[in-house]
Amino acid sequence: MDTSTILHGHGQATSKSGDAAGADSKTNGIRLLDVASLSKRGYGNEDRIVVDTNENFHLFAVIDGHNGAVAADYLVENLSKTLTEVYDNGFDHAKLCEAMEELDRMFCTLEWKSCGACVLVVLLYVAPNTDTPQKIVLNIGDCRAIIREAPESIAGKNEAEDETSPAASIVALSEDHCASNEKEMARALRSGATIEDNRIAGILQPFRVIGDADLKGPDKKDWVIPTPEIHQSELLVGRSILVIASDGVWTVLDSDCVMELAFKEIGANGSAKSAAEAIVGEAVKKDSEDDISVIVVSV
Numbered sequence: 001m002d003t004s005t006i007l008h009g010h011g012q013a014t015s016k017s018g019d020a021a022g023a024d025s026k027t028n029g030i031r032l033l034d035v036a037s038l039s040k041r042g043y044g045n046e047d048r049i050v051v052d053t054n055e056n057f058h059l060f061a062v063i064d065g066h067n068g069a070v071a072a073d074y075l076v077e078n079l080s081k082t083l084t085e086v087y088d089n090g091f092d093h094a095k096l097c098e099a100m101e102e103l104d105r106m107f108c109t110l111e112w113k114s115c116g117a118c119v120l121v122v123l124l125y126v127a128p129n130t131d132t133p134q135k136i137v138l139n140i141g142d143c144r145a146i147i148r149e150a151p152e153s154i155a156g157k158n159e160a161e162d163e164t165s166p167a168a169s170i171v172a173l174s175e176d177h178c179a180s181n182e183k184e185m186a187r188a189l190r191s192g193a194t195i196e197d198n199r200i201a202g203i204l205q206p207f208r209v210i211g212d213a214d215l216k217g218p219d220k221k222d223w224v225i226p227t228p229e230i231h232q233s234e235l236l237v238g239r240s241i242l243v244i245a246s247d248g249v250w251t252v253l254d255s256d257c258v259m260e261l262a263f264k265e266i267g268a269n270g271s272a273k274s275a276a277e278a279i280v281g282e283a284v285k286k287d288s289e290d291d292i293s294v295i296v297v298s299v
């Protein structure tokens, strides 16, 4: 398997299909200091990455397809356009849910009934009413996002040399939608879902996905849902590192390890690219057997 750079840069760019591109853009007051994404490609790789910017917001998404890449490719083609249509001086959470559910409805009318995808989206923008930078996370499935936020007192300093400063915090921005999530398990059981070996109908490990129409028929209502779990909070501009990755990373590395790699590489080289490479390399070293996709954003 080859490791290839999907996006890294400086310079205005949009990347939807995985072609090399770059991004050092200032969207509505949020400047991306550096962005990079890598995929560890195997035969029939089903992961996809979307990185897109426009005058209103930055969009980052990791998509983990299964039973083929058709659902993942569908999201690559339609995700950015769909969420751009939702933007109206900010994002209404209910409309974001409706938009993702509509993407699912449209895909489920196609012929690939057993094909699906998990997706995690992060939107960065400035709220016009408060002039406050915001981050919104939409999660469907078991990709994950974490962020490292440095207190203002140590931002830009050598934290290793300042033992009296408060430590930066690593915050999980999402929860996996699978059997290990008690709330999600309870939701699936309330719907009447059959769960065998921690999988829906003994087949599907994530409990929320886009697609998998054959597990969403009238007799299986709400067993598997496409509704995103949404969280919004203030973005600490100038002192945050964001990592989004597919479960090929998280099955072998924990959040502390991933962020330590990212912080070390960005601190040493000022490079999100080397951070993404380090995370992918460590996951491979730990014998990850899944496709691996990572986005690292310094903002």
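Numbering (this note's numbering), first residue to last: 1 to 299. Every residue, glycine too, gets a C-beta built ideally from N, C-alpha and C. Keep in mind it's a predicted model, so treat the numbers as computed, not measured.
Where do the N-terminal and C-terminal ends of the alpha helix (DSSP H) with residue i fall, by residue?
i	result
D47	Run containing D47: none in the alpha helix (DSSP H); it sits in the beta strand (DSSP E), D47 to T53.
G281	A272 to K285
R208	Premise fails: R208 is in no alpha helix (DSSP H) and is neither H nor E.
G116	Careful: G116 lies outside any alpha helix (DSSP H), inside the beta strand (DSSP E) at G116 to A127.
R187	E182 to R190
K264	S255 to N269
T82	V70 to V86
L96	H93 to C108
V304	The requested residue 304 does not occur in the structure, where the chain is confined to residues 1 to 299.
To which residues of the same chain is residue i closer than 6 Å at the C-beta, ignoring the five residues directly before and after it?
i	result
S169	E149
N181	E175
H231	V137
W112	V70
C333	Not covered by the structure: residue 333. The range shown for the chain is 1 to 299.
Mind checking whether residue i and residue j have CB atoms under 8 Å apart?
i	j	result
I146	V171	yes
F60	I244	yes
D247	D214	no
V35	V50	no
D64	D47	yes
N56	Y125	yes
V280	L38	yes
S255	K135	no
Which word fits residue i, buried or exposed, when buried means at least 16 other C-beta atoms lie within 10 angstroms of its C-beta?
i	result
N129	exposed
L323	Lying before the first or after the last residue shown, residue 323 is absent from the chain, which here runs from 1 to 299.
N198	exposed
K221	exposed
G44	exposed
A71	buried
G192	exposed
A186	exposed
N139	buried
G9	Here the model assigns G9 a pLDDT of 31, short of 50, so the residue's position is not dependable, and the following value carries that caveat. G9 comes out buried.
D40	The amino acid at residue 40 is misidentified as Asp; the sequence shows Lys. Burial call: buried.
G316	This structure cannot speak to residue 316, because the chain is shown only from 1 to 299.
A94	exposed
D287	exposed
Tell me which same chain residues have a C-beta within less than 7 Å of the C-beta of residue i, skipping the five on either side of it?
i	result
A201	T194 and L215
L33	S298 and V299
F207	H177, C178, E184, A188, I200 and V224
D212	S114, G116, L204 and V224
S240	I147, R148, E149 and V299
Just to confirm my understanding: we take residue i, look at its own chain, exclude 5 residues before and 5 after, and list those with CB closer than 8 Å. What are they?
i	result
D92	V86
E196	G202
T227	C97, M100, E101, I140 and R208
A278	L261, A262, K264 and E265
Just reading off the beta strand (DSSP E) that residue i is part of, what are its end residues?
i	result
H300	Outside the shown range of the chain, which is 1 to 299, sits residue 300, and nothing can be said about it.
I203	It is not in any beta strand (DSSP E) - I203 carries neither H nor E in the DSSP assignment.
I225	First-last for I225: undefined, no H or E at that position.
D34	D34 to K40
E149	R144 to E149
V171	S169 to A172
V237	Where V237 is concerned, there is no enclosing beta strand (DSSP E), given that its DSSP letter is neither H nor E.
V294	I292 to S298
N139	T132 to I140
Inter-stretch contact at 8 Å, needing at least 3 Cβ pairs: the segment 257 to 272 / the segment 289 to 298: yes
Touching by the beta-carbon criterion (3+ pairs, under 8 Å), the segment 257 to 270 and the segment 62 to 82: no
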